[in-house]
């Protein structure tokens, strides 16, 4: 069973797993991958939605100097100014602009990392005893985490690009915006 702990910008899900040696005598859970995928994905979606206004403000402050949509005299003066002006100029919902792309990106990123790490652990750590082969176990764990991250990145990189573009778009609606949504951006 998975247990997830969410804090702003990060969710950590822990699932108690038995070593491959102990699992060899037991039947594998056919729904284990799906459970891991859902637990990681849902916790990621909730955490990203909760911190979306903070991420949007951060993104706008980072890109405003290079943005063609924000004139030099209209740039945000700081965090508080940005938090006050966004709802006035773009509407309250603008705090979550780009959040759908972020959730669609982050859900599979976390879910695939969470689910594939166990798959890669079986590949890298099959037959490795962590008590007697510490360095092999350490490197196998490191490799399984890296492989899981690389696998998930292959699927979600275009969504990360879309999230950044949508979050940096400061137009109010329609013609003022560079992009009208996720599909338009991709």
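Numbering (the UniProt record's numbering), first residue to last: 1 to 186.
A virtual CB, placed ideally from N, CA and C, is assigned to each residue, including glycine.
*asked:* Here's a check: name, in chain order, each residue in its chain whose Cβ is nearer than 7 Å to the Cβ of residue 181, leaving out the five neighbours to either side.
replied: Excluding residues within five positions, none has a Cβ falling inside 7 Å.
### Helix, strand or coil at residue 80 [DSSP, three-state]
Residue state, collapsed to three classes: helix.
* To do: Assign residue 158 to buried or exposed, taking buried as 16 or more other Cβ atoms, counted over all protein chains shown, within 10 Å of its Cβ.
  => Counting Cβ neighbours within 10 Å, residue 158 comes out exposed, since fewer than 16 surround it.
Exposure of residue 188, with buried meaning 16 or more beta-carbon neighbours within 10 Å
Shown here, the chain extends from 1 to 186; a query on residue 188 therefore has no answer.
> Using a Cβ-Cβ distance under 8 Å, would residue 62 count as near chain B?
Replying inline: Among the protein chains of the structure shown there is no chain B, as only one such chain exists.
### Query
Between the Cα of residue 142 and the Cα atoms of 54, 165 and 117, which residue gives the shortest distance?
Taking only the C-alpha atoms, the option nearest residue 142 is 117.
Q) Exposed or buried, residue 90, counting other C-beta atoms within 10 Å across all chains shown (16 or more means buried)? A) Classification for residue 90: buried.
- What is the residue span of the alpha helix (DSSP H) that residue 74 lies within? Here residue 74 belongs to no alpha helix (DSSP H), and DSSP marks it neither H nor E.
- prompt: Hey, residue 108 and residue 41 are a contact pair by Cβ (cut 8 Å); roughly how many whole angstroms apart?
  reply: About 7 Å; that satisfies the 8 Å criterion.
Secondary structure of residue 186, DSSP reduced to three states
Correct three-state label for residue 186: coil.
Span of the alpha helix (DSSP H) around residue 178 = Per DSSP, residue 178 lies in no alpha helix (DSSP H) segment and is marked neither H nor E.
Buried or exposed by the 16-neighbour rule on C-beta atoms within 10 Å, applied to residue 80:
Burial is judged here by how many other beta carbons sit within 10 angstroms of a residue's own beta carbon; residue 80 has fewer than 16 and is exposed.
Take every Cβ of the stretch 93–109, pair it with every Cβ of the stretch 50–57, and state whether three or more of those distances are shorter than 8 Å. Touching, per the Cβ criterion.
message: Spatial neighbours of residue 75 within its chain, please: C-beta separation below 6 Å, excluding the five flanking residues on both sides.
response: 64, listed in sequence order.
Checklist line | Local conformation of residue 64 per DSSP, three classes | finding: The answer is coil: DSSP assigns residue 64 none of H, G, I, E or B.
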